[in-house]
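Accompanying notes for the structure given below.
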Amino acid sequence: MNWQLLYNLPYFHFRRGNPNFDLRGRQDKALRPCSVGPAAISRYLRHQRAARPNVSPTKTLLYQLEVTLWSPRLEREERERRFLQEDFGIDPVDLDSIQATNTSDVSTSPPPGTSKRAPQSIIIGVRKGGTRALLEMLDIHPEVAAAATEITIEKTPGYFTSPLAPERICAMNSSIKLLLILRDPTERVISDYTQVYFNRLENHKPVQAIENLLVRNGVLNMRYKAIQRSLYDVHMRNWLRHFPLEQIHIVDGDALIRDPLPELQKVENFLNLQPRIAPSNFYFNQTKGFYCIRSDGRERCLHESKGRPHPVVNNSVLHQLRAFLREHNRTFFRLVRRTFNWQ
Ligand SMILES: Nc1ncnc2c1ncn2[C@@H]1O[C@H](COP(=O)(O)OS(=O)(=O)O)[C@@H](OP(=O)(O)O)[C@H]1O
1439 MNWQLLYNLP YFHFRRGNPN FDLRGRQDKA LRPCSVGPAA ISRYLRHQRA
1489 ARPNVSPTKT LLYQLEVTLW SPRLEREERE RRFLQEDFGI DPVDLDSIQA
1539 TNTSDVSTSP PPGTSKRAPQ SIIIGVRKGG TRALLEMLDI HPEVAAAATE
1589 ITIEKTPGYF TSPLAPERIC AMNSSIKLLL ILRDPTERVI SDYTQVYFNR
1639 LENHKPVQAI ENLLVRNGVL NMRYKAIQRS LYDVHMRNWL RHFPLEQIHI
1689 VDGDALIRDP LPELQKVENF LNLQPRIAPS NFYFNQTKGF YCIRSDGRER
1739 CLHESKGRPH PVVNNSVLHQ LRAFLREHNR TFFRLVRRTF NWQ
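Following this line, the structure appears as structure tokens:
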């Protein structure tokens, strides 16, 4: 992470719960503007170091904050362009000129215990594919955790379906290793719906039955974002325009749920990591109905928002959705020269 830049730009728009910078190049509409200056970021890091002494503050920041520039609309593109150039080295820039404009009282060097680095691997999605489980499970690996040798992994589920992300990530680092976790696209649609459903309930907004969103006037509603995100072939084509297939490792999200270790071993291999994740790192939690993690003497399951029960979907609607996605799946299998056990 380029702390220099972080500290010199006047405002950041940030939220908890997501890693790193948003390379999609747009502000998430769901985010509420929250202007914070460098002092607030320093305070946050100090707080994290005190509250979670065993966790590297860089990691905490990467995993807990998504930092995107906040600025009035017209200025945003310009700031973002500068940001991408400077932080990710798309174009060399004169850092001296940035230093000259530094009027803040905050140190420009990285806070103690943190380091400046862009991620060496990115979990690009897919949303509801199991990205959190994958990240937390990879985190078991000592080289993916603290210490100087760590490999930094960013997770942003929205990248896979973003038209701009492949090009931008390629410009940032064309040899970056991409991790993509996919699950049965029909299940993914239902999971996507379930998440939005619970979010809306929490925010006291009206909810609709999934069937009403999936089908309009008897035909599949192609404007429904949850369906669009499950057209894996369409999104994959976009990535393959910028990255060779060998640079994209696809994790089978359904297999990760059933038995995490083999999938994680494949990832270790892909990332050239020593095989350090072991069967003893997992145990099946009957109450949650999912595997949980045992590492560093602690046991933890994913947050309760992961692994929620799905609604029962009307059979004929489900059939319609599956039939439609089947054709896209076939195209996807050809593209990635591999098949998955999707219905
Ligand atoms: N071990 C374990 N524990 C709990 N949940 C697990 C696990 N492994 C995979 N999953 C599946 O991960 C799904 C959520 O995916 P994401 O983390 O990618 O969601 S998000 O896009 O970041 O919101 C989530 O989807 P839902 O079941 O629909 O909640 C889970 O099925």
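Quick note on this note's numbering: the sequence shown kicks off at 1439 and runs consecutively.
C-beta: ideal position from N, C-alpha, C; glycine also.
In this text the structure is predicted, and so the values were computed from the model without any measurement.
- Scanning its chain for C-beta atoms nearer than 6 Å, with the 5 sequence neighbours on each side dropped, one finds around ILE1578 the residues ILE1715, ASN1719 and SER1733, in chain order.
- If you draw a straight line from the Cα of ASN1611 to the Cα of VAL1755, it comes to about 42 Å.
- Taking 8 Å as the upper bound for CB-CB distance, SER1559 and ILE1614 are in contact here, some 7 Å apart.
- The straight-line gap separating the alpha-carbon atoms of ILE1591 and LEU1576 is approximately 9 Å.
- For TYR1721, there is no enclosing alpha helix (DSSP H); the residue is part of the beta strand (DSSP E) that begins and ends at 1720–1723.
- Looking at ARG1768, ILE1688 and PRO1747, the one whose alpha-carbon comes closest to that of GLY1567 is ILE1688.
- For CYS1608, the enclosing alpha helix (DSSP H) has its first and last residue at 1603–1610.
- Following the DSSP letters along the chain, one finds VAL1689 inside the beta strand (DSSP E) bounded by residues 1686–1690.
- Check the Cα spacing between VAL1645 and each of TRP1780, ASP1690 and GLN1633: the tightest is with GLN1633.
- From the listed residues LEU1651, TYR1631 and LEU1620, the smallest Cα separation to TYR1597 is found for LEU1620.
- Distance from the CA of PHE1681 to the CA of ARG1675, rounded to the nearest whole angstrom, comes to 10 Å.
- Around the beta carbon of ASN1767, a 10 Å sphere encloses 16 or more other beta carbons of the protein chains shown; the residue is thus reported as buried.
- Proximity of the beta carbon of SER1629 to ligand 1 is indicated: a heavy atom of the ligand is located closer than 7 Å.
- Sorting ARG1667, HIS1673, ILE1731 and GLU1742 by C-alpha distance to the C-alpha of GLU1625 places ARG1667 at the top.
- Short of 7 Å from the beta carbon of HIS1748, and not among the five residues preceding or following it, lie these beta carbons of its own chain, in chain order: ILE1628, SER1629 and THR1632.
- In this structure, ALA1603 is the residue among THR1725, ALA1603 and PRO1580 with its C-alpha nearest to the C-alpha of VAL1564.
- Fully enclosed alpha helix (DSSP H) runs of no fewer than 4 residues occupy 1648–1652, 1663–1667, 1670–1678, 1691–1696 and 1698–1708 of the stretch 1646–1723, in order along the chain.
- Not one heavy atom of ligand 1 falls within 7 Å of the beta-carbon of PHE1722.
- Across the structure, ASP1692 and TYR1670 are spaced so that their CA atoms are roughly 15 Å apart.
- Between THR1725 and ALA1571, the alpha-carbon positions lie close to 17 Å from each other.
- Within the chosen limit of 7 Å, ligand 1 does not reach the beta carbon of HIS1673 with any heavy atom.
- Leaving aside the five residues that flank HIS1741 on each side, the residues in its chain whose CB is nearer than 8 Å to its CB run, in chain order, ARG1570.
- At least one heavy atom of ligand 1 lies closer than 7 Å to the C-beta of ALA1571.
- Of LEU1711, LYS1593 and GLU1701, the smallest CA-CA separation from LEU1616 is found for LYS1593.
- DSSP places SER1600 outside both helix and strand once states are collapsed to three, so it counts as coil.
- For LEU1740, there is no enclosing alpha helix (DSSP H), since its DSSP letter is neither H nor E.
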